[in-house]
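Structure record follows, encoded as C-alpha cells.
Protein chains: 2
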Amino acid sequence: MSQRPSPPRGMRDLLPAEVALRRTLLNRILDVYGRFGFEQIETPLVEEIERLSNSDGGENTTILFKILRRGLTEWPTSEGESVDLGLRYDLTVPLARFFATNSNQLLLPFKSIQTGPVFRAERPQKGRYRQFTQCDIDILGEASLGAEVELVTATSEALRACEVGEFTIRLNHRRILESMVTAVGYEPSQAAAVLIVLDKFDKIGAAGVHEQLLAFGNSSAATALRALLERIESGDAVDPGRDLPAGTDLDALEEIQRIGNAVATAAGVKTELDFTLVRGMGYYTGAIFEIQHDEFKGSIGGGGRYDRMIGKLSGVDTPAVGFSIGFERLVHILESRAIEATTSDRIAFLYPQGTDLAVVARVAAALRAEGVVVRTDLAAKNRKAQLSRLTDAGFTHWVELRDGNPTAAQPLQKDSQ
Amino acid sequence: MSQRPSPPRGMRDLLPAEVALRRTLLNRILDVYGRFGFEQIETPLVEEIERLSNSDGGENTTILFKILRRGLTEWPTSEGESVDLGLRYDLTVPLARFFATNSNQLLLPFKSIQTGPVFRAERPQKGRYRQFTQCDIDILGEASLGAEVELVTATSEALRACEVGEFTIRLNHRRILESMVTAVGYEPSQAAAVLIVLDKFDKIGAAGVHEQLLAFGNSSAATALRALLERIESGDAVDPGRDLPAGTDLDALEEIQRIGNAVATAAGVKTELDFTLVRGMGYYTGAIFEIQHDEFKGSIGGGGRYDRMIGKLSGVDTPAVGFSIGFERLVHILESRAIEATTSDRIAFLYPQGTDLAVVARVAAALRAEGVVVRTDLAAKNRKAQLSRLTDAGFTHWVELRDGNPTAAQPLQKDSQ
C-alpha cells in the first residue's frame, strides 16, 4: 500500500469507540441542560471575518482560519480584498451575533445551549487540536445572580451525569480583581495588564508574579500583592476581611459568597473562593467561575458574567453569563477510565455466500426486534479468525443459519481468543 | 436598535424548535443504524485542497470554500500558493481519506455512519443553503449484494423511525445504463455524456431528452431511447425482456431484481426498477438507488455502489456501497407536519426578587427529580404577559413559592391566552 494519507495538519479523525463515548457524554449533558429549560441553537461554522477579527477574543483572533472570497476574477493584491469569512474560534461570538439577529423570536431571558466544532490555527501540540468541540450554556437578558447560580448548578449536574468524579467550583469576581489591584496602589489604567500577570500565578507562583510586576514600577504595590499570593500558596485559609487589601470591592465579594453558598447548599457542590482566578478573558464584568477536577490537574470548564459584549453588537444593553464545559478534557478523563459504553448484546450473524438475501434480512430483523445490535456478515473461510476480529470489535455473540433458522446465540469470549 | 446583523450569505441560524426536531430525527436515525452494527466516525470539516479539487465530485469541486494558508509572510501572487485547505462538500471524499488513513484499525467490512455539516458555495436559493447536514451510511470492503440489501433495509428502517410516511425505493444499475446506451448504437466513449442528458428526463421529458441527444448525431440511437422513455412516460409497465434494447446487461438487471426482491420481501419496502435513474455521480459502478417520497416530489435520499473510488486513494482495491439520507429534505417534510416534539411536562418556576437562591435551586431540583423540565425565572411585574410568553414557548405549567414551598403546578393553556 502506498503511504497512508493523513488528516490535515493539527486535526484528527475520530474512530468508532471515540465517537460512541462522545455521543454518550454529549447526550447526557444535553439532557441535563434540557431539563433546566435551556434551549439548543445552532449557528453557521463560519462568520464574517470582520466580526471575528474585531471581537474580544484576544490572541484567538490572530490564529483564525480565513476563507477566500468566492468568484474572484482577478487575483487580489492584498488579503483584505481576498478574504470575507472565517471559521469561528469559539461559540460566544456566534452567540452574540445570533442574539442580535434573532432576539425577537426568543423567550427572554434566553437560556441557550450551543455545542459544536470550533477552529484555532494554533501550533499543533500534544492533546491540542485545531478543530475541537465546545459545549456552552449562556443566559442572556438576566442581570440577577439567579443566572449565575443556575449556570453553575446545571453544569455541575451535567458533569455528574457524565460520572466524571469529584470537582470543585472556584469563584472570583472581576470587580474584586480590579479593586484589589487599585487598592494596593496601581492605577486603574494598569489593572488589565497587572491581571494578565496575576493570571499566571498557578504556573509561576508568588515569586514569579512579583518579579514580573516589578516591570510596572510601584514596588510597594507588588509587595502587597505578593504577600496575599504567598498566603494562598502556603495553603492557609484566606480570610477576606483580614487578608484582602482595604478597598477591595465588598459588594462583589458578597455576590460570589451568595453564589457559592446557594450552589453548595442546594446542589451539594464543593465551592471555593479563589482571589487569583482571572481566566484571561478581558470581557468578564462580574462573577468568574472555573471547575477544578480533584484528580486531574487543570480546569474542566469555566465561565463568567460578561454584561457588555452583547450590547456592543446588538445596540441594546443585554446582561449575560456563560459557562463552558471543557468537552475535550472531559472526554480525555473518561477515556482514561475505560467507561463501559456497550450495554446491550451485540450479535454477529454470519451467513454463507449464496444465501437468499431476503432470508438474511428477515432473520436479522427478527433478532433486532429483541433489542440487540445485529451485524450481518458473509461467513469467512477462516471462521476462527473472523470470530476473533468480531470479539475484538466488541461483539458479544454470534449466530448462523441452520435449516433457514438462526442458531441460538453463542457467546464470544475475549479470553478464549 | 441598529439594523440586525445576518448570518453569512446563504447560511442560516437554527432556532430552538428547529434544533430540537433535528436532534430527535438524528437520534432516531443513528439508533437504527447502530442496531444494524454500523459504527459512527467523524472526520475534520476541512481536507487538503488538492484532495477536494481532484475528487470525483463533478461541479461540487468548482464551488469550494477555500482556506487561506496560515503564516503567509508575503502576499502570494496566485491562488495556488495561497490556499492549502478547503471545507468538505460531501462526506464521501473524507470517508475515502479516513479509510485509507485508518483501515488497519477498523473491523472489515467497515460499516460506517457519518453525519455532519458540508459546505457548497452555490448561488443562494430558496430552501438551499451553503452549509447543510448530510447523513450517510457506507459499507467498505464488501463486494456481494448483501451490502446493497443491508443499506437499503437500514435506511428504510431509519426513515420509518422518523415517521416520514410512505416512500418507494427506485433501483437501477450503472451497467444497465451503459449497456443500454451502447446497445442502441452510441459509442462507449459517448456513454457518460449521453447519461448526463438522460439524467434530466424527469425535468425535460422524453421529447426534451431526444432533442438534446440529437447533438450527438446518430439519430437512430436517439429515436430508440426516445421510444423507451415514452413508454415510461406513458405510465405503462416496462417489461425488461421486451422493452429494453437487446444487448442490455442482463446480469446487472438480475442484480437489482435480487436486491429489490430481498428488500421488498424482508422489510416490506416498496421497490421499483427505474431504467432512467442516473443520479449524476459518474463514480457509480453498480446498483444505484433513490428514495422517492410518495407525497412530496423529489428524492429524500439515494446512493449506490462505487467500487473504484476508495482504491484510487488508498492504493488497495476496495468495493464500496453508500446510502445518503437527504436530511434537510427530511427535516423539511417533518416540519410541515408539526411533529409534537414535547412529550414531558415543561414547568416554569417563577420566584420573586430577593428569594434565597439556595431555596430556588433546591425547589427546582426537587421538581426536576420527577422527570419534568423546569425553567426558573424571576417573576415579572406583569404576570399575565410573562405567562403568555411562557405558554407560547411551549411551557405547560407554572409554579410559584408559597411559604418557601412550591404551589401545585398550574396549567398554562394556549387558548386562554
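These protein sequence lines map, in sequence, to chains F and H.
Per this note's numbering, the first sequence starts with residue 54, numbered consecutively.
Per this note's numbering, the second sequence starts with residue 54, numbered consecutively.
Where a beta carbon is used, it is the ideal one built from N, C-alpha and C, also for glycine.
No experiment lies behind these values; they were computed from the predicted model shown.
Check: Three-state secondary structure assigned by DSSP to Met54 (chain F); Outcome: Its pLDDT being 45, under 50, Met54 (chain F) is placed unreliably by the model, and nothing is read from it.
Check: Length of the line joining the Cα atoms of Tyr337 (chain H) and Ser389 (chain F); Outcome: 42 Å
Check: Validate contact between the segment 115-122 of chain H and the segment 137-148 of chain H using beta carbons, cut 8 Å, 3 pairs; Outcome: yes
Check: Rounded separation between Lys256 (chain F) and Gly63 (chain F) - CA only; Outcome: 25 Å
Check: Cut-off 6 Å between Cβ atoms - residues of its own chain near Phe448 (chain H), not counting five sequence neighbours on either side; Outcome: Arg399, Ala401 and Leu465
Check: Lys179 (chain F) versus F:Asn271, F:His385 and F:Asp304, residue with shortest Cα-Cα distance; Outcome: F:His385
Check: Segments assigned beta strand (DSSP E), at least 3 residues, entirely inside the segment 363-416 of chain F; Outcome: 373-378 and 399-404
Check: Three-state secondary structure assigned by DSSP to Ser197 (chain F); Outcome: coil
Check: Within chain H, partners of Phe151 (chain F) - CB distance below 7 Å; Outcome: Asp66
Check: Residue environment, Pro405 (chain F), which counts as buried when at least 16 other CB atoms sit within 10 Å; Outcome: exposed
Check: CB contact flag (Tyr86 (chain H), Ala207 (chain H), <7 Å); Outcome: yes
Check: Distance CB(Gly368 (chain F))-CB(Ala340 (chain F)) smaller than 7 Å; Outcome: no
Check: Chain F contact residues for Arg94 (chain H), given Cβ-Cβ distances below 9 Å; Outcome: Residue identity check: residue 94 (chain H) is Ile in the sequence provided, not Arg. Ordered by position in chain F, the residues that pass the 9 Å Cβ test against Ile94 (chain H) are Asp66, Leu67, Leu68, Pro69, Glu71 and Val72.
Check: 8 Å CB neighbourhood of Glu283 (chain H) in its chain, flanking five on each side removed; Outcome: Ala259
Check: Gly379 (chain F): contacting residues in chain H (beta-carbon distance under 7 Å); Outcome: The contacting residues do not exist; Gly379 (chain F) stays about 19 Å from chain H at best.
Check: Short-range partners of chain H found in the segment 447-463 of chain F, where Cβ spacing is below 7 Å; Outcome: none
Check: Contacts that Ala268 (chain F) makes with chain H (C-beta to C-beta distance below 8 Å); Outcome: Per Cβ cutoff of 8 Å: no residues; Ala268 (chain F) is ~30 Å from chain H at best.
Check: Where Pro47 (chain H) falls, given that 16 or more other Cβ within 10 Å makes a residue buried; Outcome: As shown, chain H starts at 54 and ends at 470. That puts residue 47 (chain H) outside it, with no answer to give.
Check: 6 Å Cβ shell around Leu78 (chain H) - same chain, five flanking residues per side excluded; Outcome: Cys215
Check: Same chain, Cβ closer than 6 Å to Met54 (chain H), five either side skipped, listed in chain order; Outcome: Model confidence at Met54 (chain H) stands at a pLDDT of 45, short of 50, so the residue's coordinates are unreliable; what they give is reported in the following sentence. None.
Check: Cβ pair Gly354 (chain F), Ile378 (chain F) closer than 7 Å; Outcome: yes
Check: Whole-angstrom distance between Ala419 (chain H) and Asn435 (chain H), CA atom to CA atom; Outcome: 27 Å
Check: 7 Å Cβ cutoff met for Val322 (chain F) and Ser209 (chain F); Outcome: yes
Check: Where Gln466 (chain F) meets chain H, residues with beta-carbon distance less than 9 Å; Outcome: Those do not exist, as Gln466 (chain F) stays about 17 Å from chain H at its closest Cβ, beyond 9 Å.
Check: Cβ of Gln187 (chain H) within 7 Å of any chain F Cβ; Outcome: no
Check: Assumed close pair Leu410 (chain F), Ala432 (chain F) - CB separation to whole angstroms, cut-off 8 Å; Outcome: Wrong, their Cβ atoms sit about 14 Å apart, outside the cutoff.
Check: Buried or exposed (CB count within 10 angstroms, at least 16 for buried), Thr460 (chain F); Outcome: exposed
Check: Secondary structure of Lys256 (chain H), DSSP reduced to three states; Outcome: helix
Check: Closest by C-alpha distance to Gly154 (chain F), when choosing among H:Leu297, H:Leu68 and H:Arg295; Outcome: Reading off the sequence, residue 154 (chain F) comes out as Thr, not Gly. Among H:Leu297, H:Leu68 and H:Arg295, the Cα nearest to that of Thr154 (chain F) is on H:Leu68.
Check: DSSP-derived helix/strand/coil call for Ile94 (chain F); Outcome: coil
Check: Ala73 (chain H) to Leu160 (chain F) span [Cα, whole Å]; Outcome: 15 Å
Check: 6 Å Cβ shell around Glu231 (chain F) - same chain, five flanking residues per side excluded; Outcome: Ala244
Check: CA-to-CA distance, Gly169 (chain F) to Asp137 (chain F), given in whole angstroms; Outcome: 22 Å
Check: Minimum Cβ-Cβ distance from Glu101 (chain F) to chain H less than 7 Å; Outcome: yes
Check: Neighbour list for Pro4 (chain H) in chain F, Cβ cutoff strictly below 7 Å; Outcome: No answer is possible for residue 4 (chain H): the residues shown for chain H start at 54 and end at 470.
Check: Host beta strand (DSSP E) of Pro69 (chain F) (start-end); Outcome: No beta strand (DSSP E) contains Pro69 (chain F), which is instead part of the alpha helix (DSSP H) from Pro69 to Arg88.
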